[in-house]
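Single-structure report; data block below.
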Amino acid sequence: MSFNPGSVTFVGAGPGDPELLTLKALRAIQGADVVVHDRLISPEILALIPAAARRIDAGKEGFGPSTPQAQIDATLVAEARAGARVVRLKAGDSGVFGRLDEEIEALEAAGLAYDIVPGITSAAAAVAAIGQSFTRRGRNSGVRLVTGHDAKGFADHDWRALARPGEVAAIYMGKRAARFLAGRLLMHGAAPDTPVTAVENASRPDQRILATTLARLPAALDEAALVGPAILLFGLAPRAAEAVLPAVAEEFA
Ligand code: SAH
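Structural data, given as structure tokens:
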């Protein structure tokens, strides 16, 4: 891949497994002068950054310490203006809950060039991990990507629509919002035994799968004490019992 000097390439790094990087993503990383990366980028992928490239950690956490967005925008602009080939490395796909637009707008305002390399979003890795598919003939004709919280707190959604039988949603940033989500969905008529599967650290060596039901979700998450990033797959159970950890399989017994 060729770079224009002084531009930013937004690269989706995928869910963590370096084999889930695209070839385009790998080439962009290998050709970078500066890599500005998120907190969720796995160590295996960080290891692919050339030793000569500068690495800037722009870590952000929903509720924890974070780099202000304005500072990230300013860094991208300053580095590109100085002529660097900048790679902005984001977890999953940059276009899914990645605040991509804000960074693009900062570059556009500065008259700087950018391009976007798509990545495998973590929900795609999560659904693959449980042997399921997002859409299925006769079950659901669409899937929603939703966030558990947004700038204002727990995010609001069309709960009535989500609560309909057969609906499937991938919930990002949903761990802390689980009690709220489950409450809203049950209140709007979702069946208490609707399957929900949490996939923590999807595609990584420490991946964990927690299969439960909507009614049990908050308690199951508390008990499992997930520490890594997790996707909640609403409306989906693991296809095969063997895809489930023994401790979790008991829930189905
Ligand atoms: N752009 C990213 C999402 C960023 S929001 C993407 O496309 O995947 C951050 C949220 O992504 C986390 O709270 C978690 O819900 C999810 N996430 C990121 N990496 C993950 C992984 N390896 N396993 C499970 N969830 C992950």
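Numbering of the sequence shown is given in this note's numbering, commencing with residue -1 and proceeding in unit increments.
All residues carry an ideal CB built from backbone N, CA and C; glycine is no exception.
Just to confirm, are residue i and residue j a CB contact at a threshold of 7 Å?
i: P236; j: L212; result: no
i: A23; j: V115; result: yes
i: R253; j: G57; result: For the chain, the structure presents residues -1 to 251; residue 253 sits outside this window and is missing.
i: A159; j: A121; result: no
i: A228; j: A196; result: yes
i: A176; j: L224; result: no
i: F95; j: T20; result: no
i: R202; j: G81; result: no
i: D99; j: G117; result: no
i: G233; j: V125; result: no
i: L74; j: V6; result: yes
i: A200; j: A89; result: no
i: E198; j: G172; result: no
i: A209; j: G129; result: no
i: A78; j: G4; result: yes
i: F152; j: F132; result: no
i: E42; j: D71; result: no
i: I47; j: V34; result: no
Terminal residues of the continuous alpha helix (DSSP H) containing residue i?
i: E221; result: L215 to A222
i: G181; result: A176 to M185
i: I27; result: L21 to Q28
i: L18; result: First-last for L18: undefined, no H or E at that position.
i: I43; result: P41 to L44
Look up residue i in the DSSP assignment and give the residues it is bridged to.
i: A209; result: T195
i: V34; result: I54 and R86
i: S5; result: R83 and A111
i: F232; result: A167 and V194
i: D148; result: G151
i: R202; result: Bridge partners of R202: none, in fact.
i: R134; result: N138
i: G10; result: K88
Return the first residue and the last residue of the beta strand (DSSP E) that residue i is part of.
i: R266; result: Past the boundaries of the shown model lies residue 266; the chain is included only from -1 to 251, so the question cannot be answered.
i: L143; result: R142 to T145
I'd like to know if residue i contacts chain C, where contact means its C-beta is closer than 7 Å to some C-beta of that chain.
i: T211; result: Absent from the structure: chain C. Only one protein chain is present.
Q | Contact the stretch 105 to 119 vs the stretch 184 to 191: 3+ CB pairs below 8 Å | A | no
**Q.** Minimum length 4: unbroken alpha helix (DSSP H) runs contained in the stretch 59 to 123
**A.** 67 to 79 and 98 to 107
Q. Contact between the stretch 24 to 31 and the stretch 127 to 142: three or more CB pairs below 8 Å?
A. no
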